[in-house]
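Note that full-length UniProt numbering gives residue 219 to position 5 of the sequence shown, counting from 1, and the numbers run on in steps of one. Note that CB positions come from ideal geometry on N, CA and C, so glycine has one too.
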Amino acid sequence: DDNDLLTIKGYINDEIRSKEESGLFGIGKGRNIIFISAESIQSFVINNEVHGEAVTPFLNSLVDDPNTFYFENFYHQTSQGKTSDSEFITENSLYPISSGAVFFTHAQNEYHSMPEIMKKKDYQSVVLHANTNSFWNRNQMYESLEIEQFFDKEFFDVTEENEIGWGLKDKEFFTQSIPYLRELEQPFYAKMITITNHFPFELNEGDRSIEPYDSNSNTLNNYFPTVRYTDEAIEQFFIQLKAAGLYDNSMIIIMGDHDGISANHNKAMAMYLNKEEITPYDYMQLQRVPFYIHIPGYGEGKKMSKIAGQIDIKPTLLHLLGIETNHDIYFGNDLFHDDRKGYIVQRNGNFVSDEYVYASEICFDRETGEVLAAESETTNQVTPCSPIKEKVEKELTYSDQIIYGDLFRFIDFETE
Ligand code: GP9
Ligand code: MN
């Protein structure tokens, strides 16, 4: 396994790691990180409407906020582990496994997580989420990820009135979270996981600010009012953070954890997007989720169009805090760097590169959506997608080797 590790390290140094630090290295040094994992929010709702009304007025306003970097081509990379996969990718910059959830199957592994690395810079890492701590095996995995405290359901006052669908309503969740955040020793890294916008997107009439869409899919129809509810909850949370004195010295990250509308609703989705059908190309583009880095007082934020994914979060956030990652092992890049690998991988081997989209074994032009090579060609011929496809397969294999072989047991990252 020493050999596997050497090969993997070599690959990461040659093919993935940026050669130098980005221009934004250290600009968030010493700030708290407040990371909002926004349940099932996809990018197609951003700056979009239903019945003539904006779906996400607050998130739309953040896109143009000078203190915000908004990544419009940011993809989730989760598999069957859903939210837990998004957490796994975020904290480790490793890929999830192809079937089952790594939170269940490899919770006892040795990892080199973002919380572990931040701890050495005196950051305390916590998670707030109003669900039972054993759900998704979080209690076990969080220990391995060196998350120091999990404010789970027991820390929240959940009643019949303030609960809907999968649990405590987001507005209540944020409100009740503020006292816990206030008590944390700073600097901290706090991940807050929302829940109201979870399938099947239930909401009380009184919490509805916009009407459902009208298609033959109730799932898609009801998605819009619950997304709006979460948008309002986040807006309210920003105000609460300011009132609590926690805003100015923090960086606020907002990320959609994964898709909420599956391919079962493609017909309704096509209708909503004014398309004839949802092709594999369109479906890949629908896997984009919002990603915001909000840095109060920074003033030079902008909309970012380069492709990006959850795998990039760990190096990006660590570098913003001024923490170098020269000896770390990860599969993403600092998003503020131009020296990047140039493609985003999905667990099933599909990918998006600067130039191509590879999905359902079809190679598309990313810009135009034009088919460059059909399925029959990509299986046995060299196509424009082939060189990247090879790297994608390698990367997924290396990530699997690390997880299945628990290879980080054999590395002392301290002395590397
Ligand atoms: C529940 C939350 C949502 O705790 O993680 O679960 P999901 O189904 O999205 O993984
Ligand atoms: Mn989720």
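Beta-bridge pairing of T246 - partner residues as DSSP gives them: Just to set this straight, residue 246 is Asn in the shown sequence, not Thr. Bridge partners of N246: S464.
Other residues of its chain near I527: CB distance less than 6 Å, five sequence neighbours each side excluded: T304
CB-CB length for I521 against D568, believed under 8 Å: 6 Å
I409 beta carbon near the ligand GP9 (any heavy atom closer than 7 Å): yes
8 Å CB neighbourhood of G237 in its chain, flanking five on each side removed: F550
F258 CB to nearest heavy atom of the ligand GP9 below 7 Å: no
Residue list, Cβ distance to the ligand MN heavy atoms smaller than 6 Å: E253, S254, K296, T297, D471 and H472
Residue 169: first and last residue of the uninterrupted beta strand (DSSP E) it sits in: Outside the shown range of the chain, which is 215 to 630, sits residue 169, and nothing can be said about it.
At least three beta-carbon pairs within less than 8 Å, the region 598-605 to the region 566-580: yes
Residues sharing a beta bridge with Y289, DSSP: R502 and G523
Segment contact flag, the region 320-329 with the region 430-437, C-beta cutoff 8 Å, min 3 pairs: no
Any non-hydrogen atom of the ligand GP9 within 7 Å of N562 CB: no
Short Cβ contact (8 Å threshold) for F387 with F370: yes
Among S348, F624, L610 and L395, nearest to S307 - alpha-carbon criterion: L610
For L455, the first and last residue of its enclosing alpha helix (DSSP H): N432 to A457
Buried versus exposed call for A344 [16 or more other C-beta atoms within 10 Å across all chains shown]: buried
Sequence-distant residues of its chain with Cβ nearer than 7 Å to N351 (five each side left out): F317, F318 and A321
Chain-order list of residues whose beta-carbon lies under 7 Å from that of residue 637 (same chain, five-residue window excluded): The first residue shown for the chain is 215 and the last is 630, placing residue 637 beyond what the model contains.
CB of N564 within 8 Å of CB of I230, strictly: no
Anticipated Cβ contact below 8 Å, H290 with D473, distance rounded: 7 Å
Delimiting residues of the beta strand (DSSP E) encompassing L586: V585 to A587
One or two residues paired with D579 in a DSSP bridge: Y570
Cβ pair E324, D626 closer than 8 Å: no
D471 vs A252 beta-carbon contact at 8 Å: yes
Whole runs of the beta strand (DSSP E) within the region 364-426, excluding any shorter than 3 residues: 402-407
Uninterrupted alpha helix (DSSP H) stretches inside the region 467-502 (no shorter than 4 residues): 480-486 and 494-499
Per-residue DSSP class, three states only, for F622: helix
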